[in-house]
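*Asks:* Per our numbering: the sequence shown = residues 190 to 358. For each residue, glycine too, the CB sits at the ideal point set by N, CA and C. Everything numeric in this text was worked out from a predicted model, so none of it was measured.
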Amino acid sequence: MKAVLTTGNGGYDKLVYCDVPMPVVGAGEVLLQVLAAGVNNTEINTRLGWYSSSVITGTNTVASDKPQSEIQKIDGGWNAATPFPFIQGTDCCGRVVDVAPDVDSQLIGSRVIVRPCMRPDGFDSLRNIWMGSDFDGAFAQFVKVPATEMFVVNSDWSDTDLASLPCSY
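1) State the DSSP-derived secondary structure class of residue 279, mapped to helix, strand or coil.
2) Enumerate in chain order the residues of its own chain whose CB-to-CB distance from residue 308 is below 6 Å, with the five nearest sequence positions on each side excluded.
3) Flag this pair as yes or no: are the beta carbons of residue 215 and residue 279 separated by less than 7 Å?
4) Whole angstroms are fine: how far does the CA of residue 286 sit from the CA of residue 327?
5) Just the Cα atoms here: how many angstroms apart are residue 290 and residue 190?
6) Helix, strand or coil for residue 201 per DSSP?
7) The alpha helix (DSSP H) spanning residue 379 covers which residue range?
8) To which residues does DSSP link residue 339 through a beta bridge?
9) Rounding to the nearest angstrom, what Cα-Cα distance links residue 349 and residue 341 in this structure?
10) With distance defined between alpha-carbon atoms, name the residue in 325, 194 and 355 nearest to residue 305.
11) Within this structure, are the beta carbons of residue 331 and residue 224 separated by less than 7 Å?
12) I'd like the list of long-range same chain contacts for residue 206, defined as Cβ closer than 6 Å, with 5 residues on each side in sequence excluded.
13) Take residue 325 and list the residues in its own chain whose beta-carbon comes closer than 6 Å to its own, dropping the five residues that flank it on each side.
14) Which two residues bound the contiguous alpha helix (DSSP H) that contains residue 352?
15) Taking DSSP's pairing of strands, which residues face residue 227 in a bridge?
16) Per DSSP, what kind of secondary structure is residue 315 in: helix, strand or coil?
Now the structure itself:
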């Protein structure tokens, strides 16, 4: 499949359009065909390394050509180190095309949006992971997500409109 791979912190030169392996669903997951993906400050700031605890200036300063500090390289993502190379894309509207054996197969064909800030240990835990920052996101033809983190949408809104909601909401 085609995807935009983010290869490191920096400018647009860190975005590479290329072929990557198709995701394979595991227990509790669904595979989505990406219908639309939003671009927001989360993608830009993650690529720039702006979430690092060492950054005390605006994104315009971080976006310069000067090399990043070692601290920025280590903790520039939402949960410490960003797993380069990876596929960004926090906001997603997609269609379910495959499900794991333990997921309801009647979901196949459903149009969905995805909650990007996921609680892998349930809501009794504060630990979270971010789609498109901690694991591959929606800047690809397909993305896999936990079935518990996607929501069927029956709406006359366009795919693009729906993809603009998840991170903002």
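*Replies:* On the basis of the coordinates in this document:
1) Taking the sequence shown and counting its residues from 1, one reaches residue 279 at position 90. In the three-state reduction of the DSSP assignment, residue 279 falls in the coil class.
2) Indexing the sequence shown from 1 puts residue 308 at position 119. For residue 308, where only same-chain residues beyond five positions count, the Cβ hits under 6 Å are 317.
3) The residue labelled residue 215 in the question sits at position 26 within the sequence shown. The residue labelled residue 279 in the question sits at position 90 within the sequence shown. Contact annotation: residue 215 and residue 279 have beta-carbon atoms that are not nearer than 7 Å.
4) If you number the sequence shown from 1, residue 327 lands on position 138. If you number the sequence shown from 1, residue 286 lands on position 97. Taking the Cα positions, residue 327 is about 14 Å away from residue 286.
5) Here residue 290 refers to the residue found at position 101 when the sequence shown is read from its first residue. Here residue 190 refers to the residue found at position 1 when the sequence shown is read from its first residue. Residue 290 and residue 190: Cα-Cα distance of roughly 23 Å.
6) Residue numbering aside, residue 201 sits at position 12 when the sequence shown is read from its first letter. Helix.
7) The question about residue 379 has no answer, for the chain in this structure spans 190 to 358.
8) Here residue 339 is taken as the residue at index 150 of the sequence shown, counted from 1. The partner list for residue 339 (beta bridge, DSSP) reads 303.
9) Along the sequence shown, read from residue 1 onward, the residue named residue 349 stands at position 160. Along the sequence shown, read from residue 1 onward, the residue named residue 341 stands at position 152. So the two alpha carbons sit approximately 15 Å from each other.
10) Residue mapping note: residue 305 aligns to position 116 of the sequence shown, counting from 1. Taking only the C-alpha atoms, the option nearest residue 305 is 355.
11) Taking the first residue of the sequence shown as 1, we reach residue 331 at position 142. Taking the first residue of the sequence shown as 1, we reach residue 224 at position 35. For residue 331 and residue 224, no; Cβs fall outside 7 Å.
12) Counted from its first residue, the sequence shown places residue 206 at position 17. Within the same chain, residue 206 has close Cβ partners 193.
13) Residue numbering aside, residue 325 sits at position 136 when the sequence shown is read from its first letter. Once the five neighbours on either side are set aside, the close Cβ partners of residue 325 are 275 and 276.
14) In the sequence shown, residue 352 corresponds to position 163, counting from 1. Residue 352: member of the alpha helix (DSSP H) spanning 348-352, first to last residue.
15) If you number the sequence shown from 1, residue 227 lands on position 38. As DSSP reads the structure, residue 227 sits in a beta bridge with 280.
16) Taking the first residue of the sequence shown as 1, we reach residue 315 at position 126. DSSP places residue 315 in coil when its eight states are reduced to three.
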